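Engineer: Dropping the structure in here first, questions after.
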Amino acid sequence: MGDLEKRLELAMRGAEEVVTVDELRTLIEGGGGKGYLGFEPSGLFHIGWLVWAYKFKELIEAGFKMKLLAATWHAWINDKL
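According to the numbering used here, the sequence shown is numbered sequentially starting from 19.
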(Lines of atoms letter the chains of each structure in order from A; the text may use other names.)
(Lines give C-alpha, C1' and ligand atoms only; values in the text may rest on other atoms or scores of the structure.)
Protein backbone atom coordinates (compact mmCIF):
# COMPACT_ATOMS: atom_id res chain seq x y z
CA MET A 19 0.00 0.00 0.00
CA GLY A 20 1.45 3.34 -1.06
CA ASP A 21 1.72 6.37 1.18
CA LEU A 22 -1.24 8.10 -0.52
CA GLU A 23 -3.47 5.05 -0.13
CA LYS A 24 -2.44 4.66 3.53
CA ARG A 25 -3.25 8.31 4.25
CA LEU A 26 -6.57 8.01 2.38
CA GLU A 27 -7.48 4.93 4.42
CA LEU A 28 -6.58 6.75 7.66
CA ALA A 29 -8.82 9.68 6.75
CA MET A 30 -11.77 7.42 5.84
CA ARG A 31 -11.44 4.84 8.62
CA GLY A 32 -14.56 4.78 10.76
CA ALA A 33 -16.36 7.36 8.60
CA GLU A 34 -20.04 6.77 8.01
CA GLU A 35 -19.96 8.60 4.70
CA VAL A 36 -17.36 10.21 2.43
CA VAL A 37 -19.05 12.56 -0.04
CA THR A 38 -16.43 12.11 -2.74
CA VAL A 39 -13.35 9.96 -2.38
CA ASP A 40 -11.79 11.74 -5.38
CA GLU A 41 -12.02 15.11 -3.62
CA LEU A 42 -10.50 13.63 -0.46
CA ARG A 43 -7.71 12.07 -2.52
CA THR A 44 -7.01 15.46 -4.16
CA LEU A 45 -6.86 17.15 -0.74
CA ILE A 46 -4.41 14.57 0.57
CA GLU A 47 -2.26 14.74 -2.58
CA GLY A 48 -2.07 18.51 -2.12
CA GLY A 49 -0.71 18.17 1.40
CA GLY A 50 -3.98 17.70 3.27
CA GLY A 51 -6.73 20.08 4.23
CA LYS A 52 -7.62 21.92 7.40
CA GLY A 53 -10.05 20.79 10.02
CA TYR A 54 -11.14 21.42 13.56
CA LEU A 55 -12.93 19.68 16.37
CA GLY A 56 -14.84 21.84 18.80
CA PHE A 57 -16.71 20.70 21.87
CA GLU A 58 -17.89 21.76 25.31
CA PRO A 59 -16.85 19.06 27.76
CA SER A 60 -19.62 17.84 30.04
CA GLY A 61 -17.62 16.33 32.82
CA LEU A 62 -14.28 14.73 33.40
CA PHE A 63 -12.34 12.89 30.71
CA HIS A 64 -13.68 9.37 30.13
CA ILE A 65 -13.10 6.47 27.74
CA GLY A 66 -15.66 7.80 25.23
CA TRP A 67 -13.34 10.71 24.47
CA LEU A 68 -10.90 8.25 22.92
CA VAL A 69 -13.19 7.88 19.88
CA TRP A 70 -12.75 11.48 18.72
CA ALA A 71 -9.17 11.71 20.02
CA TYR A 72 -8.10 8.71 17.94
CA LYS A 73 -9.83 10.08 14.80
CA PHE A 74 -8.18 13.46 15.40
CA LYS A 75 -4.79 11.69 15.52
CA GLU A 76 -5.55 9.75 12.33
CA LEU A 77 -6.46 12.92 10.44
CA ILE A 78 -3.17 14.52 11.52
CA GLU A 79 -1.31 11.40 10.34
CA ALA A 80 -3.19 11.64 7.01
CA GLY A 81 -1.74 15.12 6.55
CA PHE A 82 -4.56 17.37 7.72
CA LYS A 83 -3.78 20.45 9.79
CA MET A 84 -6.15 20.07 12.72
CA LYS A 85 -7.17 22.45 15.51
CA LEU A 86 -8.80 21.47 18.78
CA LEU A 87 -11.22 23.96 20.29
CA ALA A 88 -12.15 22.91 23.82
CA ALA A 89 -14.76 25.22 25.34
CA THR A 90 -13.70 24.55 28.92
CA TRP A 91 -14.61 28.07 30.06
CA HIS A 92 -18.14 27.60 28.70
CA ALA A 93 -18.40 24.22 30.42
CA TRP A 94 -17.30 25.83 33.68
CA ILE A 95 -19.86 28.67 33.55
CA ASN A 96 -22.56 26.15 32.57
CA ASP A 97 -21.69 24.01 35.63
CA LYS A 98 -20.61 21.04 33.52
CA LEU A 99 -17.17 20.73 35.11
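Ideal Cβ positions, reconstructed from N, Cα and C, are used throughout, including at glycine. Keep in mind the model is a prediction, meaning the values are calculated, not measured.
With 16 as the cutoff for other CB atoms within 10 Å, does A88 come out buried or exposed?
Structural biologist: For this step, residue 88 is matched to residue 70 along the sequence shown. Burial call: exposed.
Engineer: Take the Cβ of A33 as the centre, count every other Cβ of all protein chains shown within 10 Å, and call the residue buried at 16 or more, exposed below.
Structural biologist: On the sequence shown, residue 33 is found 15 positions in, with the first residue counted as 1. The residue in question, A33, is exposed, as its Cβ has fewer than 16 Cβ neighbours within 10 Å.
Engineer: R31 and E79: beta carbons closer than 8 Å?
Structural biologist: Position 13 of the sequence shown, counted from the start, is the residue given in the question as residue 31. Position 61 of the sequence shown, counted from the start, is the residue given in the question as residue 79. No, the pair does not count as a contact, with Cβ atoms beyond the cut-off.
Engineer: According to DSSP, L55 sits in a beta bridge with which residue or residues?
Structural biologist: Residue 55 sits at position 37 when you count from the first residue of the sequence shown. BP columns for L55 point to L86.
Engineer: Run through DSSP, which three-state label would A93 get?
Structural biologist: To locate residue 93, count along the sequence shown from 1; it is residue 75. Residue state, collapsed to three classes: helix.
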